[in-house]
Every structure is written in structure tokens, then in C-alpha cells.
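K.L.:
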Amino acid sequence: MGKKKQVIVSATVSGDGAPAVATPRNLNEAAAVLRHLGKACRAIQTAELRLTERIERAKELAANQAAPHIARRDALFSALYEFAKSHRVELTGNDAVKTVKLLTGSFWWRFSPPAVDIADEKELINQLKCLGLERFIKVTETVKKKELLADQELTAALPGVTVTQQELFSAQPAEVEAELRMPTGKIATVQSAGNDRLQLIASARSNRQGRRKKRANST
1 MGKKKQVIVS
11 ATVSGDGAPA
21 VATPRNLNEA
31 AAVLRHLGKA
41 CRAIQTAELR
51 LTERIERAKE
61 LAANQAAPHI
71 ARRDALFSAL
81 YEFAKSHRVE
91 LTGNDAVKTV
101 KLLTGSFWWR
111 FSPPAVDIAD
121 EKELINQLKC
131 LGLERFIKVT
141 ETVKKKELLA
151 DQELTAALPG
161 VTVTQQELFS
171 AQPAEVEAEL
181 RMPTGKIATV
191 QSAGNDRLQL
201 IASARSNRQG
211 RRKKRANST
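Structure (C-alpha cells):
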């Protein structure tokens, strides 16, 4: 099952050019709004599908129109290369020069920039470590944000770290695959409690680990 499509809806106010829609006063009116919302979403989906179809047809037409020119271009370039290759010595003075300039353009020979190709990167890293050539190994350090979210007690005590949640209002009309979302403006944050709190948590955890280790050794 594919991931549900999510559409962020921007809040509109009077004067933005949006059509006026009365705020529903009860669940029956809210259901009517959802029905009209579904109709609007389906109309948008139809318009987008038609646009996609037109774009694909335009791409196909352009590709068909370009195809003979591409074939002609490739044949001309190949012919020029064959001439240059067979007359390279006289054209370049035995590679004394690399570029041949004519009234209608130029052609030349150049090496591409050097590139390193590695057959087995993991194996090469191990060899470099064994040889003490760590300067050829790039180490990138990043913070594991998922781990921080999984341990919010400790995270809340880390300096400079804030856990933020944004409240979203969502709706999904019947027979519409997309879920509509709108930020409500309400944000929940948990900010750092400071180094003192961090030290208390670290100390408490260290003590718990010590007790567990002691019990394990005693058994």
C-alpha cells in the first residue's frame, strides 16, 4: 500500500481573492463542506491529470520531431571524428597543438579530469587503516536526531537542543486519496533544561547501570 499523499493547504482570509465560504454551524453543515471539498479536490486531480497527459503528448511530439535531427547530428559528428582521427598527426603537428580552428567552428582533443574508480570501497578502507593512511578516509560526524527523539528525557537536558511539534488540522473527503493539512499556528516545544539537569540525568543513569552490573556479577 502506497504512502498517502499529503497536501498542505494555506490559510486564506477575506481579501485574498478566495471565494467566500461560510463557517459551518453544525456537523450537518460540516459534512456538506466536506462534500464540496471532495468535489474541489477531484476537480483539481482531473486538471492535473489532463496537464500531465498534455505534457507527455508534447514531449512525445518534440522527441519525434527531434529524432531525425539527433540522428543527423550524431552521423555528422562521427564523420568529423573519423576525419580528425585519420589526419591527427598533420592537423596537430604530431600533438604539438590540441585545437583545430576553422571558419565554421573548432574541434579538439582533451583528456577528462582525473577520476578515481574503486572496485571495493569497504575493502580499500580496511587496507588504508591497516597501512595507517587514515588521511584518505573521510569521516563525517552527524547527530542522530531519531535517537534524540527516542530519548527525550536526556534530549531535553542537552544545551542548544529544542524538540518542536507543530499542530496540524487535517481532513480527508470521501473518495479522495489525498489528506489535506493546514498548520494551526500552535507549536509545542521542549527546550533544554541546562547542564545541571543533564548532569543529574547522566549521574542517575550511571548509578542504575552500576547497580545492574553489580547484581549481574553477584549472580
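Here full-length UniProt numbering is used: the first residue of the sequence shown is 1, the next is one more, and so on. Heads up, the beta-carbon is just placed ideally off N, CA and C, and yes, glycines get one too. The structure presented is a predicted model; accordingly, all values stated were derived computationally and were not measured.
Can you tell me which of the three DSSP states Lys101 falls into?
P.N.:
Translated into positions along the sequence shown, residue 101 becomes position 101. If DSSP states are grouped into helix, strand and coil, Lys101 belongs with the strands.
K.L.:
DSSP beta-bridge partners for Ala66?
P.N.:
By one-based count along the sequence shown, residue 66 stands at place 66. For Ala66, which the question treats as bridged, DSSP gives no partner whatsoever.
K.L.:
Span of the beta strand (DSSP E) holding Thr92?
P.N.:
Taking the first residue of the sequence shown as 1, we reach residue 92 at position 92. First-last for Thr92: Arg88 to Thr92, but that is the alpha helix (DSSP H), not the beta strand (DSSP E).
K.L.:
Within its chain, find whatever has a CB closer than 7 Å to the CB of Glu60; leave out the 5 residues flanking it on each side and keep chain order.
P.N.:
The residue labelled residue 60 in the question sits at position 60 within the sequence shown. Excluding positions up to five away in sequence, the list is empty.
K.L.:
Report the rounded CA-to-CA distance for Phe107 versus Val89, giving the unit in angstroms.
P.N.:
On the sequence shown, residue 107 is found 107 positions in, with the first residue counted as 1. On the sequence shown, residue 89 is found 89 positions in, with the first residue counted as 1. So the two alpha carbons sit approximately 14 Å from each other.
K.L.:
Evaluate contact between the stretch 147-163 and the stretch 172-184, counting only Cβ atoms and requiring at least three cross-stretch pairs below 8 Å.
P.N.:
The answer is no - the stretch 172-184 does not touch the stretch 147-163, with fewer than three Cβ pairs under 8 Å.
K.L.:
Examine chain E for any beta-carbon lying closer than 9 Å to the beta-carbon of Thr164, and answer yes or no.
P.N.:
The question asks about chain E, but that chain is absent: this structure has only one protein chain.
K.L.:
Hey, would you say Gln165 sits closer than 9 Å to Ala188, going by beta carbons?
P.N.:
The sequence position of residue 165 within the sequence shown is 165, counting from 1. The sequence position of residue 188 within the sequence shown is 188, counting from 1. For Gln165 and Ala188, yes; Cβs fall inside 9 Å.
K.L.:
Residue 306 lies in the beta strand (DSSP E); which residues open and close that run?
P.N.:
Look at the range of the chain in this structure, 1 to 219, and you will see that residue 306 is not part of it.
K.L.:
For Lys146, name the three-state secondary structure that DSSP assigns.
P.N.:
Taking the sequence shown and counting its residues from 1, one reaches residue 146 at position 146. Helix.
K.L.:
Taking the straight line between their C-alpha atoms, what separation do you get for Lys101 and Ala66?
P.N.:
For the purposes of this step, residue 101 is taken as the residue at position 101 of the sequence shown. For the purposes of this step, residue 66 is taken as the residue at position 66 of the sequence shown. Cα to Cα, Lys101 sits roughly 28 Å from Ala66.
K.L.:
Exposed or buried, which one is Cys130 when buried takes at least 16 other CB atoms within 10 Å?
P.N.:
To locate residue 130, count along the sequence shown from 1; it is residue 130. Looking at its Cβ environment, which holds fewer than 16 other Cβ atoms inside 10 Å, Cys130 is exposed.
K.L.:
Exposed or buried, which one is Val176 when buried takes at least 16 other CB atoms within 10 Å?
P.N.:
Here residue 176 refers to the residue found at position 176 of the sequence shown. Its Cβ being crowded by 16 or more others within 10 Å, Val176 is buried.
K.L.:
If you draw a straight line from the alpha carbon of Ser10 to that of His36, how long is it in whole angstroms?
P.N.:
The sequence position of residue 10 within the sequence shown is 10, counting from 1. The sequence position of residue 36 within the sequence shown is 36, counting from 1. Whole-angstrom Cα-Cα distance: 18 Å.
K.L.:
Have a look at Thr104, Ser86 and Arg110 and flag the residue whose alpha-carbon is nearest the alpha-carbon of Val97.
P.N.:
If you number the sequence shown from 1, residue 97 lands on position 97. When only C-alpha atoms are compared, the closest one is Arg110.
K.L.:
Consider the C-beta atom of Val139 and the heavy atoms of the ligand PLP; say whether any pair is separated by less than 8 Å.
P.N.:
The ligand PLP is not part of this structure, which contains no ligands at all.
K.L.:
Thinking Glu179 and Gln6 are a contact (beta carbons under 8 Å), I'd like their distance in whole angstroms, please.
P.N.:
Within the sequence shown, numbered from 1, the residue matching residue 179 stands at position 179. Within the sequence shown, numbered from 1, the residue matching residue 6 stands at position 6. That pair is a contact at about 5 Å.
K.L.:
Determine the burial state of Leu91: buried for a count of at least 16 other Cβ atoms within 10 Å of its Cβ, exposed for fewer.
P.N.:
Against the sequence shown, residue 91 aligns to sequence position 91. When all chains shown are included, Leu91 counts as buried.
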